[in-house]
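Novice:
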Amino acid sequence: MLSRVADALFWMSRYLERADHLARAVDVTFQLDLDLHGVLANPVEFEWNALLCMLRQSPPQLREGEDPVDAVQRWLLLDTANTGSVMSCVNRSRNNARSIRGSISPSMWRELNKLYWRLSDAALPARVAESPHDFCEEAQIGVLLFHGVCEATLIHDEGWHFIQLGRYLERAEKVLRILDSKFGLLERAGAADLPISNLQWGAVLKNCVAYEAYQRLYISRVEPERVVEFLLTNPEFPHSVRFCLTQILQSLTEISGRLPDRCDDEVVRTVGRLLNDLVYLDGAELDGEGLHSFLGNSLSRCARIGNLLQQQYALQ
Amino acid sequence: MMSHQLADGAPHSGTNCPLSAQEGLFAGYELGAAYDEMFGVQANGGQIPRPHYQPLHDRLLQTSAEDFRRRKAMTDLSMRQDGVGFTVYRAEEGIERVWPMDPVPRIIPAAEWRQIEEGLTQRINALNLFLWDVYHEQHILRDGVVPAGLVLQGAFFRREFVGVNVPRRIYIHVCGTDLIRAADGEYLVLEDNARTPSGVSYMLQNRQVIKRVFPSLFNDYDVLPNDDYPAALLDVLQYIAPESVPQPTAVLLSPGMYNSAYFEHSFLAQRMGIELVEGRDLLVDGNRVFMRTTRGRQRVDVIYRRIDDDFLDPLTFRPDSALGVPGLVNAYRAGTVALANSIGTGIADDKGIYPFVPEMIRYYLKQDPLLNNVETFRPEIPAQRSHVLDNLDTLVVKRVNESGGYGMLVGPASTKQQQDDFRRLIEANPRDFIAQPTIQLSTHPTFVDGRFEGRHLDLRPFVLCGERVTVTPGGLTRVALPKGSLVVNSSQGGGSKDTWILADKNPATSRKT
Numbered sequence: 345m346l347s348r349v350a351d352a353l354f355w356m357s358r359y360l361e362r363a364d365h366l367a368r369a370v371d372v373t374f375q376l377d378l379d380l381h382g383v384l385a386n387p388v389e390f391e392w393n394a395l396l397c398m399l400r401q402s403p404p405q406l407r408e409g410e411d412p413v414d415a416v417q418r419w420l421l422l423d424t425a426n427t428g429s430v431m432s433c434v435n436r437s438r439n440n441a442r443s444i445r446g447s448i449s450p451s452m453w454r455e456l457n458k459l460y461w462r463l464s465d466a467a468l469p470a471r472v473a474e475s476p477h478d479f480c481e482e483a484q485i486g487v488l489l490f491h492g493v494c495e496a497t498l499i500h501d502e503g504w505h506f507i508q509l510g511r512y513l514e515r516a517e518k519v520l521r522i523l524d525s526k527f528g529l530l531e532r533a534g535a536a537d538l539p540i541s542n543l544q545w546g547a548v549l550k551n552c553v554a555y556e557a558y559q560r561l562y563i564s565r566v567e568p569e570r571v572v573e574f575l576l577t578n579p580e581f582p583h584s585v586r587f588c589l590t591q592i593l594q595s596l597t598e599i600s601g602r603l604p605d606r607c608d609d610e611v612v613r614t615v616g617r618l619l620n621d622l623v624y625l626d627g628a629e630l631d632g633e634g635l636h637s638f639l640g641n642s643l644s645r646c647a648r649i650g651n652l653l654q655q656q657y658a659l660q
Numbered sequence: 048m049m050s051h052q053l054a055d056g057a058p059h060s061g062t063n064c065p066l067s068a069q070e071g072l073f074a075g076y077e078l079g080a081a082y083d084e085m086f087g088v089q090a091n092g093g094q095i096p097r098p099h100y101q102p103l104h105d106r107l108l109q110t111s112a113e114d115f116r117r118r119k120a121m122t123d124l125s126m127r128q129d130g131v132g133f134t135v136y137r138a139e140e141g142i143e144r145v146w147p148m149d150p151v152p153r154i155i156p157a158a159e160w161r162q163i164e165e166g167l168t169q170r171i172n173a174l175n176l177f178l179w180d181v182y183h184e185q186h187i188l189r190d191g192v193v194p195a196g197l198v199l200q201g202a203f204f205r206r207e208f209v210g211v212n213v214p215r216r217i218y219i220h221v222c223g224t225d226l227i228r229a230a231d232g233e234y235l236v237l238e239d240n241a242r243t244p245s246g247v248s249y250m251l252q253n254r255q256v257i258k259r260v261f262p263s264l265f266n267d268y269d270v271l272p273n274d275d276y277p278a279a280l281l282d283v284l285q286y287i288a289p290e291s292v293p294q295p296t297a298v299l300l301s302p303g304m305y306n307s308a309y310f311e312h313s314f315l316a317q318r319m320g321i322e323l324v325e326g327r328d329l330l331v332d333g334n335r336v337f338m339r340t341t342r343g344r345q346r347v348d349v350i351y352r353r354i355d356d357d358f359l360d361p362l363t364f365r366p367d368s369a370l371g372v373p374g375l376v377n378a379y380r381a382g383t384v385a386l387a388n389s390i391g392t393g394i395a396d397d398k399g400i401y402p403f404v405p406e407m408i409r410y411y412l413k414q415d416p417l418l419n420n421v422e423t424f425r426p427e428i429p430a431q432r433s434h435v436l437d438n439l440d441t442l443v444v445k446r447v448n449e450s451g452g453y454g455m456l457v458g459p460a461s462t463k464q465q466q467d468d469f470r471r472l473i474e475a476n477p478r479d480f481i482a483q484p485t486i487q488l489s490t491h492p493t494f495v496d497g498r499f500e501g502r503h504l505d506l507r508p509f510v511l512c513g514e515r516v517t518v519t520p521g522g523l524t525r526v527a528l529p530k531g532s533l534v535v536n537s538s539q540g541g542g543s544k545d546t547w548i549l550a551d552k553n554p555a556t557s558r559k560t
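Protein chains in written order, with my numbering: chain B, 345 to 660; chain R, 48 to 560.
#1: Based on the DSSP secondary-structure assignment, which residues constitute the bridge partners of Met148/R?
#2: Using the C-alpha atoms, what's the distance from Pro194/R back to Leu188/R?
#3: Between Tyr411/R and the rest of its own chain, which residues show a CB-CB distance below 6 Å, the 5 nearest in sequence each way excluded?
#4: What are the boundary residues of the beta strand (DSSP E) that Val518/R is part of?
#5: Considering only residues of the same chain and omitting the five flanking positions on each side of Pro214/R, which have a CB-CB separation below 7 Å?
#6: Can you tell me the Cα-Cα spacing of Pro402/R and Phe424/R, whole angstroms?
#7: Sort out for me which residues DSSP pairs Gln345/R with in a bridge.
#8: Taking the alpha helix (DSSP H) that Met356/B falls in, what are its first and last residues?
#9: Using a Cβ-Cβ cutoff of 8 Å, what residues of the stretch 449-461 of chain B are near chain R? List them in chain order.
#10: For Leu523/B, which of helix, strand or coil comes out of DSSP?
#11: Measuring CA to CA, which of Arg348/B, Val372/B and Leu366/B is closest to Ala547/B?
#12: Measuring only between beta-carbons, confirm whether Met345/B sits less than 8 Å from chain R.
#13: Select from Gly382/B, Leu618/B and Ala554/B the residue whose C-alpha is nearest the C-alpha of Val572/B.
#14: With distances taken from CA atoms, which of Gly454/R, Lys258/R, Pro277/R and Arg228/R is nearest Val247/R?
#15: What are the complete beta strand (DSSP E) segments, minimum 3 residues, inside the stretch 74-136 of chain R?
#16: Kindly say whether Arg474/R, judged by its beta-carbon, lies nearer than 8 Å to any beta-carbon of chain B.
#17: Just verifying my parser: in three-state terms, what is the DSSP assignment at Gly371/R?
#18: Taking C-beta to C-beta, are Val457/R and Phe480/R nearer than 8 Å?
#19: Gly309/B CB to nearest chain R CB: under 8 Å?
#20: Can you check DSSP and say which residues form a bridge with Asn419/R?
#21: Determine, using beta carbons only, whether Ser60/R comes closer than 8 Å to chain B.
#22: Are the C-beta of Glu502/B and some C-beta of chain R separated by less than 8 Å?
#23: Just checking my contact of Thr485/R with Thr441/R at CB under 8 Å: how many whole Å lie between their CB atoms?
#24: Which whole runs of the beta strand (DSSP E) in the stretch 616-642 of chain B are 3 residues long or more, in chain order?
#25: DSSP three-state label for Tyr657/B, please.
#26: Quick one: give me the first and last residue of the alpha helix (DSSP H) that Cys588/B is part of.
#27: Count the CB pairs spanning the stretch 365-373 of chain R and the stretch 149-163 of chain R that are closer than 8 Å, and state whether there are at least three.
#28: With DSSP run on the structure shown, which of helix, strand or coil describes Pro484/R?
#29: What would DSSP say about Val193/R, mapped onto helix, strand or coil?
#30: Return the chain-ordered list of same chain residues with a C-beta closer than 7 Å to the C-beta of Gln591/B, the five sequence neighbours on each side being excluded.
#31: To which residues of the same chain is Arg438/B closer than 6 Å at the C-beta, ignoring the five residues directly before and after it?
#32: To which residues does DSSP link Val444/R through a beta bridge?
#33: Would you mind giving the Cβ-Cβ distance between Trp146/R and Ser543/R, rounded to the nearest angstrom? I have them listed as a contact below 8 Å.
#34: Excluding the five sequence neighbours on either side, which residues of its own chain have a C-beta within less than 7 Å of the C-beta of Phe115/R, listed in chain order?
#35: Can you give me the C-alpha to C-alpha distance between Gln487/R and Ala230/R, rounded to a whole angstrom?
#36: Given a limit of 8 Å on CB to CB distance, which residues of the stretch 241-256 of chain R reach chain B?
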C-alpha cells in the first residue's frame, strides 16, 4: 500500500472520530446545562468552560449580540475558522478520503460525502442556536454509518487496519482526556452533592457512549471510581481505553504481517506496554494525584504512538 | 437501407397519426437549421420522430412535467452524493460543481454506430502509423504528403523522442475523438484528442444514474452496455508492459485531487483495481520506476498517465513541474516502464496537422476515410487565405499549436474589432491558423424550464488501441445548455446525456462475440 494512501486513511478515520466525540460532547454538555440550571449557581460558565478547557480551546470571540453559550456551540460545531470544529473535522476527513477515493469503497465515499452535505445544508446549522441536538446527532449517526459501510464493504486488509488505527488511537486519547478533565470532581464530591455528582459522572459516561453499558454492569448510582475503572480497563466495551489499545495492537500486528509475539518494533512495544499497564492496573492507585499522573502519562504515550506510526510507515 | 433513411431524415412510415404540432412536454418544440436527432421534417413541414426515437418519444409524451422534474432532481442528487463532478477552486475552499446530466438519452442506431466504429478504428490506426513514421524514417514528410515544417516545428513535436522505440509501436492507446453532425446528419470529426482525453467516467456514471432514475426508458430498447471500458483499458495497459514482466504492475498517475478531472482518475483506478499515484509517490532508481509503499519500494511497469508531457519529468521537460517524476522519461526510453499515452502524441492531434488526417489514411492504409473532417481552410495557401480573410464573419478561426478553445475566433459571434485583430494575425503568420465554416451542431430534445427544447450537442466516443482497437459502444454526449449556444464545454454551461448504442437486431450484420 502506498504510504500516502495509508496516511490519508489514518487521518480520514481519525478526524471523523474527532468529529464524533466533539459532537457528542457538545450535545451532552447542552443536556447537562439544562439539568443543572436550577441547581448550580453558574452552571453555564461551569460546564461550557470545562468543555473548552478539555478541548484546550479558549472561549470564542462573541459576535455582536451573541449569547456566550450560542457562541461556544457555533464555534465548536460549525465554525470553519476553528480547525477543530465538527464541520472542519468532517471536511478534513472528507478531503483525505477524496485524495484516495480509489482506495476506499464507493459506498464509503458516498456515506462520507452525504454526511458532509447534510451538515453543510443551511437548515441544520440554522437550528443549532435553539438546540444543537439535531446537528450533533446527525454527525454521530453519519460517522456510525460510515464505519458500518466500511466494515461491510472494504476488504479487511492493510488499508482497513490503518482506518482502525486512526479511529482507536483518537478514541483512546479522547477518553483519557475526558477522564483527565474530570478527575478534580473526584476530590470535591461530598454526600450533599450526590444528585449533582450523579449527573456529572453520568455525563462523563455519556460522553463515551457508556451510560447504558455501565448501568448494566453496576446497578445503582453512578460511582466515580467505578466509572474511571470501567472506562479505562473494561476489556469488552468498545470505548474503553483498554479495548482501543487491544484493537490498535491487533491492527499493528496485521499490518506488519508478523506474529504478535514476534513484533519487536518500537510502536508495537509502546502500545503493548501501555496495554499491559491497563490490564494489570491496581484500582487503589487511581485516587486523586495517582489518577492524574497515570492519565497524563498515558496521554503522552498515545502521542508517542502517533509519532512512531508516522516514522515507521513513512506517513506524512 | 436503414442508415440511408436516417441520413435523409425521412419520416417513419409506420406511424399512424403523425404529429404536425407537438404535444405534451414537446409542445412548442422548434426545429432550427441544424439536424435534429429526434425529429425529422415531413414534406408538409410537420415534425415526426425518427424511427429509432419513436418509442422514447411516445414514453416521454406520457410523462408529466412534474414527474420529469422529480427525476431530474434525482439525477442531480445522485450525482452530488456520488461526488461526480469537477472542482473549481477558490482560495482554500473547494467549490465542487456537479456536471448536470439531462435525463433524455441520445440514441444511435446500430448501423450508424458501425460506421462510426469503423471510421474511428481507421483513424486511430492511421494516427499511430503517422506517429511511428514521424519519430522514425519520416517517409510521409519526405513524400511531401504532410509539410515537414508543420511537423518538425510544431510545438508538440518531441525532438527528444525521435528514434525511440515505443512498446508495440503504439503511441495513442486512448483516444477521445470529438464528432459533430452536419445539417444533413453526416458525422464529422471535429478534433482528435490523443493526449490525455477525459470524460469516459461521465459516460459510465451517466448510465448508472439513468438506470437508477429512469429504468422504464430501457423497456423499449436493447442498449449495448458500456461497462467494459475499464477492463478493456487494463488489457491495453498490460499488453504494453515490458515483455519480461510476467505480472506487470500498472498504476494511474494523476496530478492529484485538485485537478479538475480527479474524479475520473480515481474512478478509473478503482474500476481497474490499480493504484492511483501522484508524482511524489514514485521514484526512479537505476532507470527503474518504484512506488513508495508502507513496506518499502515496489516496482511499477506501466503508467497510465493523466499528466501532460510538459509536466511528466522535470529533468526532461518543464523543470518547475512538481507533479512529475524526475528520471521518468529516461526510464521510459530504456524500456523498463511503459507509458499510455506515449510521449509526443500531441503532434498527431494538433490543429495544424488535422487537415492532413484524411491524406494520412490514404497514404498509410490505402483507404478512403470513412469519417470526414470538417472542411478546413489553411491561410498558408494563398488561394485559401483570401477566402478566409474575406469571410472572417462566418468562419471559425483556430490557432494551431493550441488546444482547449484558446486563441479562437468564432466569426458569427465576433465583433468587427476582433475580426480585424485576427486579420492582422493571419496576415503576419498565416501558417499559425486554420479556418472552418461554422457548423450548426445537431440538436436534441433537452429538459429546460419544464419542457423539452432543442439544444446543440456533440459526441466523444472513446477508442482504445492495444492488441486490437476497441471502440466502447457509447460515448460522452455533451450538450450546450444555454439556448442557441454551440459551446459544449463543461466550464461554459455544458451538460451531458447518456448515449445509447442500440444492439443490432439483424443477425447477418451483428458481430459475433
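Glycine is no exception: its CB is placed at the ideal position from the N, C-alpha and C atoms.
Specialist: So, from the listed chains and residues:
#1: Taking the first residue of the second sequence as 1, we reach residue 148/R at position 101. Bridge partners of Met148/R: Ser543/R.
#2: Within the second sequence, residue 188/R is the residue found at index 141, counting from 1. Within the second sequence, residue 194/R is the residue found at index 147, counting from 1. Distance between the alpha carbons of Leu188/R and Pro194/R is about 6 Å.
#3: Position 364 of the second sequence, counted from the start, is the residue given in the question as residue 411/R. The residues are Ala173 and Leu176.
#4: Here residue 518/R corresponds to residue number 471 of the second sequence, with the count starting at 1. Annotation: the continuous beta strand (DSSP E) that includes Val518/R extends over Val516 to Val518.
#5: In the second sequence, residue 214/R corresponds to position 167, counting from 1. For Pro214/R, where only same-chain residues beyond five positions count, the Cβ hits under 7 Å are Ile287 and Ala385.
#6: The residue labelled residue 402/R in the question sits at position 355 within the second sequence. The residue labelled residue 424/R in the question sits at position 377 within the second sequence. Each residue's alpha carbon lies about 8 Å from the other.
#7: The count along the second sequence starts at 1 and reaches residue 345/R at position 298. Looking at the DSSP output, Gln345/R sits in a beta bridge with Met338/R.
#8: Stepping through the first sequence from its first residue, residue 356/B is reached at position 12. Looking at the DSSP string, the run of the alpha helix (DSSP H) that includes Met356/B is Ser347 to Leu380.
#9: Of all residues in the stretch 449-461 of chain B, only Pro450, Trp453, Arg454, Asn457, Lys458 and Trp461 come within less than 8 Å of chain R when Cβ atoms are compared, listed by chain position.
#10: Taking the first sequence and counting its residues from 1, the one referred to as residue 523/B is at position 179. Here Leu523/B sits in helix by DSSP.
#11: By one-based count along the first sequence, residue 547/B stands at place 203. Considering only alpha carbons, the answer is Val372/B.
#12: In the first sequence, residue 345/B corresponds to position 1, counting from 1. At least one CB of chain R lies nearer than 8 Å to the CB of Met345/B.
#13: Numbered from its first residue, the first sequence carries residue 572/B at position 228. Per the Cα distances, Ala554/B.
#14: The sequence position of residue 247/R within the second sequence is 200, counting from 1. Distance from the Cα of Val247/R is smallest, within the candidate group Gly454/R, Lys258/R, Pro277/R and Arg228/R, for Pro277/R.
#15: Fully contained in the stretch 74-136 of chain R are the following beta strand (DSSP E) runs of length 3 or more, in chain order: 86-88 and 94-96.
#16: Counting from one through the second sequence, the residue named residue 474/R turns up at place 427. Correcting the residue type first, residue 474/R is Glu in the shown sequence and not Arg. No, its Cβ sits nowhere closer than 8 Å to a Cβ of chain B.
#17: For the purposes of this step, residue 371/R is taken as residue 324 along the second sequence, with counting starting at 1. Three-state result, Gly371/R: coil.
#18: Here residue 457/R refers to the residue found at position 410 when the second sequence is read from its first residue. Here residue 480/R refers to the residue found at position 433 when the second sequence is read from its first residue. Cβ atoms of Val457/R and Phe480/R: not closer than 8 Å.
#19: Since the displayed chain B opens at 345 and closes at 660, residue 309/B lies outside it and no answer follows.
#20: Here residue 419/R is taken as the residue at index 372 of the second sequence, counted from 1. Per DSSP, Leu235/R.
#21: Taking the first residue of the second sequence as position 1, residue 60/R is located at position 13. Confidence in Ser60/R is poor, its pLDDT being 42 and thus under 50, which makes the residue's placement unreliable; the coordinate value appears in the next sentence. Chain B, which has no Cβ nearer than 8 Å to the Cβ of Ser60/R, makes this no.
#22: What you label residue 502/B is simply residue 158 of the first sequence in a count that begins at 1. Cβ-Cβ to chain R under 8 Å: yes for Glu502/B.
#23: The residue labelled residue 485/R in the question sits at position 438 within the second sequence. The residue labelled residue 441/R in the question sits at position 394 within the second sequence. Here Thr485/R really is in contact with Thr441/R; their C-beta atoms are around 6 Å apart, less than 8 Å.
#24: Listed in chain order, the beta strand (DSSP E) runs fully inside the stretch 616-642 of chain B amount to none, counting runs of at least 3 residues.
#25: Residue mapping note: residue 657/B aligns to position 313 of the first sequence, counting from 1. Three-state result, Tyr657/B: coil.
#26: Locating residue 588/B in the first sequence gives position 244, where the first residue counts as 1. Where Cys588/B is concerned, the enclosing alpha helix (DSSP H) stretches over Val585 to Ser600.
#27: With a cut-off of 8 Å, the stretch 149-163 of chain R and the stretch 365-373 of chain R do not count as touching, because too few Cβ pairs lie within range.
#28: The count along the second sequence starts at 1 and reaches residue 484/R at position 437. Three-state DSSP puts Pro484/R in a strand.
#29: Against the second sequence, residue 193/R aligns to sequence position 146. Coil at Val193/R, not helix or strand.
#30: Working through the first sequence from its first residue, we reach residue 591/B at position 247. Contacts found: Gln508 and Tyr512.
#31: Here residue 438/B refers to the residue found at position 94 when the first sequence is read from its first residue. Excluding positions up to five away in sequence, the list reads Leu456 and Tyr460.
#32: Position 397 of the second sequence, counted from the start, is the residue given in the question as residue 444/R. In DSSP, Val444/R forms a bridge with Leu456/R and Ala482/R.
#33: For the purposes of this step, residue 146/R is taken as the residue at position 99 of the second sequence. For the purposes of this step, residue 543/R is taken as the residue at position 496 of the second sequence. Contact holds; Cβ gap of about 6 Å.
#34: Mapped onto the second sequence, residue 115/R falls at position 68. Closer than 7 Å at Cβ, skipping near neighbours: Leu72 and Phe494.
#35: Locating residue 487/R in the second sequence gives position 440, where the first residue counts as 1. Locating residue 230/R in the second sequence gives position 183, where the first residue counts as 1. Rounded to the nearest angstrom, the two C-alpha atoms are 7 Å apart.
#36: Shown here is that no member of the stretch 241-256 of chain R has a Cβ falling below 8 Å from a Cβ of chain B.
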